[in-house]
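These notes are about the structure you will find just below.
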């Protein structure tokens with residue numbers, strides 16, 4: 001089972017946007033430059049984040065993306081579900097209702113125990129993602145990023161915000 | 001993110017095989033009949049279970065599949081990984097090493113904090129799957145299966161084992 005690659009980009013993007021001063025925005029072109037990723041690809045994922053009210057966009061010259069909520073109010077689960085949707089990974093196709101042992105459909109009121117068990121395990125994973133916010137990710141980045149890289153990122157950001 | 005459909009079949013199959021008397025086996029044709037699924041499709045997944053030493057097969061007339069270990073020694077994680085492999089769902093493409101803030105590769109010794117966080121959340125899901133055995137699933141089935149269905153399944157199994 002492979003997670004949508006866009007999730008990795010989206011988390012990195014949100015973490016960068018969490019560094020912006022209030023009311024500043026970054027155009028999609030600048031984000032694509034910073035992450036060295038095709039702009040059309042990033043734009044598609046930013047639209048998904050926008051639809052989930054994780055980022056918002058200001059139109060027109062000098063416009064661009066910013067976080068739509070405070071970084072501490074955006075969880076990794078929000079980002080994952082914005083990109084990948086809310087469907088469970090395990091989908092029950094009601095195998096138990098097939099074959100020679102099947103009985104009338106009215107006898108299957110309670111969901112299948114296998115499905116319930118699989119979905120319960122997924123829920124634990126989602127609950128874990130819900131515990132981590134974009135602010136946590138930003139702070140982890142601040143702690144761990146190599147100082148030379150942090151300086152280069154800051155210089156780049158200052159330049160882009162001054163000369164959009 | 002969608003889980004391989006074969007996982008659902010594989011768990012149901014293992015749970016059925018856990019009902020067999022010692023040393024009895026079920027041919028793939030009988031399993032395909034019981035679950036009303038194309039035999040070739042089921043055979044492919046049984047091969048994956050066999051490779052993971054979850055089931056074993058007896059060759060020749062009267063041959064077929066049985067659990068290779070006790071049902072309490074097979075976890076749902078074993079089954080999921082047999083069908084879907086052991087790769088993590090989240091794959092880090094080292095986005096942090098791209099773009100204008102990148103520094104020399106030697107500065108990225110510690111894995112990216114975003115990847116670590118995502119993988120930690122997945123691990124919680126896998127640990128949850130590891131806690132549940134095929135015996136647990138079998139017992140849940142015994143508790144919850146409609147008595148008429150349980151009787152039909154038992155009759156079918158008795159017949160198939162007697163006239164393979």
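Residue numbers (the numbering used here), protein chains in the order written: chain A, 1 to 164; chain B, 1 to 164.
All C-beta atoms in this analysis are idealised placements derived from N, C-alpha and C, irrespective of residue type, glycine included.
Contacts around residue i, its chain only, beta-carbon distance under 7 Å, and the 5 residues preceding and following it disregarded
i: residue 7 of chain A; result: 79, 80, 83, 84
i: residue 1 of chain B; result: 89
i: residue 43 of chain A; result: 28
Straight-line Cα distance separating residue j from residue i
i: residue 45 of chain A; j: residue 29 of chain A; result: 13 Å
i: residue 137 of chain A; j: residue 3 of chain B; result: 27 Å
i: residue 93 of chain A; j: residue 34 of chain B; result: 15 Å
i: residue 160 of chain A; j: residue 96 of chain B; result: 18 Å
i: residue 107 of chain A; j: residue 124 of chain B; result: 34 Å
i: residue 130 of chain B; j: residue 12 of chain B; result: 17 Å
i: residue 37 of chain B; j: residue 18 of chain B; result: 19 Å
i: residue 5 of chain A; j: residue 157 of chain B; result: 45 Å
i: residue 68 of chain B; j: residue 162 of chain B; result: 22 Å
i: residue 31 of chain A; j: residue 23 of chain A; result: 16 Å
i: residue 104 of chain A; j: residue 21 of chain B; result: 28 Å
i: residue 10 of chain A; j: residue 27 of chain B; result: 48 Å
i: residue 120 of chain A; j: residue 111 of chain A; result: 12 Å
i: residue 86 of chain A; j: residue 41 of chain B; result: 28 Å
i: residue 155 of chain B; j: residue 128 of chain A; result: 44 Å
i: residue 14 of chain B; j: residue 139 of chain B; result: 12 Å
i: residue 147 of chain B; j: residue 91 of chain A; result: 25 Å
i: residue 109 of chain B; j: residue 60 of chain A; result: 41 Å
i: residue 39 of chain A; j: residue 16 of chain A; result: 16 Å
Residues bridged to residue i (per DSSP)
i: residue 26 of chain B; result: B:65
i: residue 57 of chain B; result: B:65
i: residue 93 of chain B; result: DSSP lists no partner for residue 93 of chain B.
i: residue 75 of chain A; result: A:133
Sequence-distant residues of the same chain with beta carbon closer than 8 Å to residue i, five excluded per side
i: residue 70 of chain A; result: 135
i: residue 73 of chain B; result: 133
i: residue 25 of chain B; result: 57, 58, 62, 63, 64, 65, 66
i: residue 142 of chain A; result: 150
i: residue 145 of chain B; result: 153
Same chain, Cβ closer than 6 Å to residue i, five either side skipped, listed in chain order
i: residue 89 of chain A; result: 122
i: residue 126 of chain B; result: 77
i: residue 75 of chain B; result: 130, 133
*Is there contact between the region 54-73 of chain B and the region 114-121 of chain B, where contact requires at least three CB pairs shorter than 8 Å?*
Not touching, per the Cβ criterion.
*Select from the region 99-115 of chain B all residues with a C-beta closer than 9 Å to any C-beta belonging to chain A, and list them in chain order.*
Listed by position, the residues of the region 99-115 of chain B near chain A (Cβ gap below 9 Å) are 99, 100, 101, 102, 103, 104, 107, 108, 110, 112, 113, 114, 115.
*Decide if the region 32-52 of chain B is in contact with the region 73-92 of chain B; the criterion is three or more beta carbon pairs, one per stretch, under 8 Å apart.*
They touch, by the three-pair rule.
*Segment contact flag, the region 150-157 of chain A with the region 91-103 of chain A, C-beta cutoff 8 Å, min 3 pairs*: As far as the Cβ criterion goes, the region 150-157 of chain A does not touch the region 91-103 of chain A, which means the pair count is below three.
*Taking any Cβ of chain B, which residues in the region 139-156 of chain A have a Cβ under 9 Å from it, in chain order?*
Per Cβ criterion, the list reads 140, 141, 143, 144, 145, 146, 148, 149, 150, 151, 152, 153, 154, 155, 156.
*Determine which residues of the region 19-52 of chain B have a Cβ less than 7 Å from any Cβ of chain A, and write them out in chain order.*
Within the region 19-52 of chain B, those residues whose Cβ lies closer than 7 Å to any Cβ of chain A are, in chain order, 33, 34, 35, 36.
_Interface residues of the region 69-88 of chain A facing chain B [CB-CB below 8 Å]_ = When CB distances to chain B are screened at a threshold of 8 Å, the residues of the region 69-88 of chain A falling below it are 76, 84, 87, in chain order.
*Chain-ordered residues of the region 125-137 of chain B with a beta carbon less than 9 Å from chain A*: Only 125, 126, 127, 128, 129, 131, 132, 136, 137 from the region 125-137 of chain B bring a Cβ to less than 9 Å from some Cβ of chain A.
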